[in-house]
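First residue of the sequence shown? That's 125 in the working numbering, and the numbers climb one at a time after it.
A virtual CB, placed ideally from N, CA and C, is assigned to each residue, including glycine.
Inspection log for the structure reproduced underneath, given as structure tokens.
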Amino acid sequence: MTMIKHWHRLTVVLFLVLCVGACMHTQMGDRPEIKKDGHLNTERKPRVLIVYKSKYGSTKQYAQWINREIPGDLVDAGKGDTPDFAGYDVIVFGGYIRMGHIVVAPLIVKNWGDIKAKKVVLFTSSGIPPGHPNIQKIYHSDLPEEIRKDIKYFPLRGKMVSKDLSFFDQFLVAVGRIMERDESLRSLMNEDYDEVKPGNLIPLLEYVKTLPLQKESIRSADPVQ
């Protein structure tokens, strides 16, 4: 009799175990299948190259400030270094204006075939106020429309310290005072100035920091195309 009771209890226990297992299997089977998303978030920041030419330090200072705020590679093209544009998403060119020309414009034109699919930014430093019409004349003269339409341009103020100028540049300034018809520009040549300030870069920095990786047609900062 004791043996029968023992087997009866064992049978009940086994039955309960089987029932619990079946219920758990059913509940697990009712759970929705978790599918793995094959499209992982691979978003990254654009790779930035800053290429500049500087003579008296204004453009170099701007380039260094940009590089401090936006990590990337810095190349001094004025030393004859040939930049490799292949591994970058954004190219920032910087140059001063000399004798009515942007010194890095030939570099942009020469390499346009290699960089036109990237985001291209240009800044210049000079004694001409950014809003003056002469800035736009120089910009339009040095770069054709098919290049300008895909460049974002930021003209910036530079500096002039007469004692630091070469003899030839002092001569150019003296001639400029005589030849310049614009009274506002002529007055700027009469005394030293230093308008190189970090705050001048705020629009440029904000623009570069919001650039997507996808190529898009962008308009130049100048109002006239």
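What runs of the alpha helix (DSSP H), each 4 residues or longer, lie entirely inside the segment 252-282? Runs of the alpha helix (DSSP H) inside the segment 252-282: 257-266 and 269-272.
* Opposite residue 318 in the DSSP bridges: which residues? -> Here the question's residue 318 lines up with position 194 in the sequence shown. Answer by DSSP bridge pairing, in chain order: 283.
Q. Are at least three pairs of beta-carbons, each pair with one atom in the segment 271-282 and one in the segment 245-258, less than 8 Å apart?
A. They touch, by the three-pair rule.
Check: Under 8 Å, do residue 218 and residue 262 count as touching if we go by C-beta distance?
Finding: Here residue 218 refers to the residue found at position 94 when the sequence shown is read from its first residue. Here residue 262 refers to the residue found at position 138 when the sequence shown is read from its first residue. Contact flag unset, no.
Item to complete: Decide if residue 183 is buried, meaning its Cβ has at least 16 other Cβ atoms within 10 Å, or exposed.
Response: The sequence position of residue 183 within the sequence shown is 59, counting from 1. So residue 183 ends up on the buried side.
Legend entry - Where residue 163 falls, given that 16 or more other Cβ within 10 Å makes a residue buried: By one-based count along the sequence shown, residue 163 stands at place 39. Bear in mind that the predicted position of residue 163 carries a pLDDT of just 37, short of 50, making it too unreliable to give a figure here.
Check your understanding: Under the DSSP definition of a beta bridge, which residues are partnered with residue 199?
Key -> Your numbering for residue 199 matches position 75 in the sequence shown. Partner(s): 175.
#### Entry: Run of the alpha helix (DSSP H) containing residue 331, from where it starts to where it stops
Reading the sequence shown from its first residue, position 207 is the one you call residue 331. Counted as a single uninterrupted DSSP element, the alpha helix (DSSP H) harbouring residue 331 occupies residues 326-333.
Notebook entry, point to check: Thinking C-beta only, is residue 171 closer than 8 Å to residue 196?
Noted result: The residue given as residue 196 occupies position 72 in the sequence shown. The residue given as residue 171 occupies position 47 in the sequence shown. Yes. Within cutoff.
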